[in-house]
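Numbering (the numbering used here), first residue to last: 144 to 462. Don't be surprised by glycine CBs; every beta carbon is placed ideally from N, CA and C. What follows is a single structure, written as structure tokens, with notes after it.
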Amino acid sequence: MEIFTDFWGMFVDPKKRICLVYLISALVIGAFYGAIVQNKPIFLALKNCLSMDIWWSKSARLDYLLMFVNKIYFLLISNFWLSSTVVTFFIYEGLHAVLPAGLVVGADKILVVTLFTVAIFIMDDFTKYLVHWSLHNISILWIFHKVHHSATHLTPFTIFRTHPVEMLLFSARSIIVRSSIIAIFIFLFGNLVDLYTVLGVNIGLFAFNIIGSNLRHSHVYLKYWDWLELWLISPAQHQIHHSRDSEHHGKNLGVVLAIWDRVGGTLFKAPSQVSLTFGFGPEEDLSAGTIKYAYITSFKEAVIVLLRPLKRKGYLKNV
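In structure tokens:
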């Protein structure tokens with residue numbers, strides 16, 4: 144079946160964060176961090192990274208289930224969803240309608256490829272921050288994002304603990320941003336456009352994944368130097384983002400670069416030592432951290448939020 148092929152394919156696809164190459168690199172980094180920085184015996188550090196209390200916790204099991212259910216959901220709607228090729232074509236034709244072709248002549252290919260690679264990486268990261276900020280600050284979107292934050296234990300698979308509406312938002316963001324940049328660059332530079340890649344992945348994204356992106360959703364508290372956390376979001380900073388502590392709510396919304404958090408006033412540097420508890424609390428964890436909430440209850444809550452203005456004006460009752 145296509146679903147199983149697609150599912151297992153994620154473990155060998157370098158474009159996916161759970162590709163085995165990235166999972167293994169995160170394990171190695173996590174183990175050596177525990178051994179060198181935390182002075183643990185290497186065996187104990189490795190054992191800590193692979194603790195079944197984390198990997199087979201109730202929270203983790205829901206991550207795995209949502210990963211599979213959401214994959215089925217996305218396959219079912221994929222034929223009705225946005226096409227990056229179509230979006231790129233319309234933007235390209237739109238540019239053609241208002242601007243003369245060939246505005247840039249004789250550009251250096253290395254410069255074009257460098258600019259294209261950087262533009263894709265920067266705009267991809269920036270718009271992820273904007274969407275993530277919206278998920279935390281717009282009440283109806285927070286209803287859907289709560290599913291992700293209901294995790295009480297973090298593993299690399301917590302990235303799949305995502306509400307289907309949030310999946311569609313991030314998918315639309317990716318298609319619009321990438322298609323726009325591709326269309327603009329092809330319009331300006333034609334066949335000079337190319338991308339610096341490693342294993343078919345943008346070199347910036349590959350570097351992010353290979354140096355431990357999977358530790359963001361883990362119990363390995365790896366912080367960077369304070370000066371570096373002003374520029375790059377460390378795994379520890381993202382774990383703080385998941386913290387139950389009200390001081391940490393809505394902080395460190397960036398994915399790779401910390402610049403957006405600095406500008407947006409949401410940056411929180413990771414302390415050397417801190418005790419973190421994830422999720423919301425027993426009652427809300429039990430409600431938001433379920434398949435029922437993701438696919439039924441959340442939509443009911445969203446309808447209530449949408450109808451509140453009508454209720455306040457007296458148009459509706461019992462809502």
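| contact_flag[the segment 350-369, the segment 290-303] where n(CB pairs < 8 angstroms) is 3 or more | The segment 350-369 is in contact with the segment 290-303.
| request: Using DSSP bridges, identify the partner residues of L396. | output: Under the DSSP definition of a beta bridge, L396 lacks any partner.
| Under 8 angstroms, do W224 and S314 count as touching if we go by C-beta distance? | Judged by their CB atoms, W224 and S314 are nearer to each other than the 8 angstroms cut-off.
| Can at least three beta-carbon pairs, one atom from the segment 330-342 and one from the segment 281-288, be found at a separation below 8 angstroms? | No, the segment 330-342 is not in contact with the segment 281-288.
| With a Cβ-Cβ cutoff of 8 angstroms, do A178 and K289 count as a contact? | Contact flag unset, no.
| Among D404, P307 and F330, nearest to L218 - alpha-carbon criterion | Looking at the Cα atoms, P307 is the closest of the given residues.
| query | What is the rounded straight-line gap between the Cα of L311 and the Cα of S317? | reply | One C-alpha to the other measures close to 10 angstroms.
| said: Bridge partners for F303 per DSSP, in chain order? | reply: Per DSSP, none; premise fails for F303.
| L472 in three-state terms, based on DSSP | What is shown of the chain runs 144 to 462, which leaves residue 472 out entirely.
| Buried or exposed: I383, going by 16 or more other Cβ atoms within 10 Å of its Cβ? | Counting Cβ neighbours within 10 Å, I383 comes out buried, since at least 16 surround it.
| query | Among residues of its own chain, excluding the 5 on either side of L208, which ones have a beta-carbon nearer than 6 angstroms to its beta-carbon? | reply | Around L208: no qualifying Cβ.
| Distance, Cα to Cα, T420 vs S293? | Using only the alpha carbons, I get a separation of about 11 angstroms.
| field | Contact belief for F259 with F328 at Cβ below 8 angstroms, rounded distance in angstroms | value | Contact between F259 and F328 holds, with the beta-carbon distance rounding to 5 angstroms and staying under 8 angstroms.
| query | Does the distance from the C-beta atom of D268 to that of V406 stay below 8 angstroms? | reply | Contact flag unset, no.
| If you pair each beta-carbon of the segment 387-403 with each one of the segment 264-278, do three or more pairs fall below 8 angstroms? | At 8 angstroms Cβ cutoff, the stretches touch.
| Paired residues, beta bridge with S386 - DSSP | Checking the DSSP bridge columns, you'll see S386 partnered with F421.
| query | For the segment 190-208 against the segment 432-444, are there 3 or more C-beta pairs whose distance is under 8 angstroms? | reply | Between the segment 190-208 and the segment 432-444, the count of C-beta pairs closer than 8 angstroms reaches three or more; the two stretches touch.
| said: Can you give me the C-alpha to C-alpha distance between L373 and Q380, rounded to a whole angstrom? | reply: In a straight line, the C-alpha of L373 is about 11 angstroms away from that of Q380.
| request: Keeping to the same chain, check which residues put their C-beta closer than 8 angstroms to that of I353; ignore five residues upstream and five downstream. | output: Taking I353 as the centre and dropping the five residues before and after it, the same chain places the C-beta of V164, Y165 and S168 closer than 8 angstroms to its C-beta, in chain order.
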